[in-house]
Each structure stands twice: as C-alpha cells, then as structure tokens.
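In terms of my numbering, the sequence shown opens at residue 51 and continues consecutively. Ideal Cβ positions, reconstructed from N, Cα and C, are used throughout, including at glycine.
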Amino acid sequence: VMEFIRLQRQQKGYNPNTRHAIHGKDADLIMLALATHEPHFSILRELDLNPRNRHQLTAEQLRQKQEDEQAMLRLGEEDERGPAISCPPFKLIQMSIVREYLDLDFR
Numbered sequence: 051v052m053e054f055i056r057l058q059r060q061q062k063g064y065n066p067n068t069r070h071a072i073h074g075k076d077a078d079l080i081m082l083a084l085a086t087h088e089p090h091f092s093i094l095r096e097l098d099l100n101p102r103n104r105h106q107l108t109a110e111q112l113r114q115k116q117e118d119e120q121a122m123l124r125l126g127e128e129d130e131r132g133p134a135i136s137c138p139p140f141k142l143i144q145m146s147i148v149r150e151y152l153d154l155d156f157r
C-alpha cells in the first residue's frame, strides 16, 4: 500500500490534496503513515477488546465490551432501537493531528 502511495506521488499531475485512508489493527500503520509525509492520511483502527489481562481495558473499551455482550444476548431480537447487531468499535486516527502533537511534544 505504501509503495502504491509513493508511486502515485511521482505521477505527473498528482493532486497533493489526495486523501488516503487505511484500515487495520497493526500499530506499524501509524509509523508508515508518518513516513509518507502525506498531508491527508487517516487510519481506521479496530480496537482490541480482548486483551489477555482484563485489567488492561480502558473505560471506553470496557463500556463497549459490555454493550457488545448485551447485544449478543439479544442478537436477532428487535426493540425500539431496531435489531441487535454487534460490530467492532473503531478509532479514527487523523495523521495530521498526530504530526501536530509530535511537533509540539518535541519542541
């Protein structure tokens, strides 16, 4: 994927405002995205709600895990909110914001 982005940047007529988004669990995606120097790059990360030690869960992850467990109990049932479904929680990382934080941190 990163090779594709690098090749794309070398093309004549490349628009520097092109937006890129990538999905994955790998933390290396953040480093790779930083290395592209693309101004508009986002990463959609799936949160891991099943760490080996339950005490490692953040409050947000614990709340989401409880909601998912409740949804699984009523999977297929319907109420005023509609049918119960379970989907993994995601976190959107805007690399431009990460760059700003890093810049401020290392000043």
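If you draw a straight line from the alpha carbon of residue i to that of residue j, how long is it in whole angstroms?
{"i": "A85", "j": "Q114", "result": "32 Å"}
{"i": "D76", "j": "M145", "result": "15 Å"}
{"i": "R157", "j": "Q120", "result": "46 Å"}
{"i": "Y64", "j": "L57", "result": "10 Å"}
{"i": "V148", "j": "E96", "result": "18 Å"}
{"i": "K62", "j": "Y151", "result": "32 Å"}
{"i": "L94", "j": "I80", "result": "10 Å"}
{"i": "M52", "j": "P139", "result": "25 Å"}
{"i": "L112", "j": "L154", "result": "31 Å"}
Give me the DSSP bridge partner(s) of residue i.
{"i": "F140", "result": "E96"}
{"i": "F91", "result": "H70"}
How close, in whole Å, do the beta carbons of residue i and residue j come, if the pair is a contact with beta carbons under 8 Å?
{"i": "I143", "j": "S92", "result": "7 Å"}
{"i": "H90", "j": "H70", "result": "7 Å"}
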